[in-house]
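Student:
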Amino acid sequence: MNIEEFYEREQGLISLENVNPSWLIFCDGFAQGDFRALEKRVFDVFASLILLSVTWPFMLLAGIGDCS
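Numbering-wise, our numbering comes out as the position in the sequence shown, counting from 1, plus 5.
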């Protein structure tokens, strides 16, 4: 761990004086953990199922109307 990572972890801030381009590219700032990834996946599936159930009748009507 270098000084930039330590400062960010402890203070919750980014020290602009110590930041270099390689730190911005290779930092782990967007890693959220396995539980957060699972939580996001469950929410995504749930939201897509709700949207599918709302739009399904319209898709069915469009399909029936196209065959006529």
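By construction, the Cβ of each residue, glycine as well, lies at the ideal position given by its N, Cα and C atoms.
Please read these numbers as outputs of a predicted model, since none were measured by experiment.
Between Asp39, Arg46, Glu10, Asn25, which lies nearest to Asp33 when the distance is taken from Cα to Cα?
Tutor: Comparing Cα positions, the closest option is Glu10.
Student: For Ile55 and Phe48, what's the separation of their Cα atoms in angstroms?
Tutor: So the alpha carbons of these two residues sit roughly 11 angstroms apart.
Student: How long is the line joining the alpha carbons of Gly134 and Asp71, rounded to whole angstroms?
Tutor: This structure cannot speak to residue 134, because the chain is shown only from 6 to 73.
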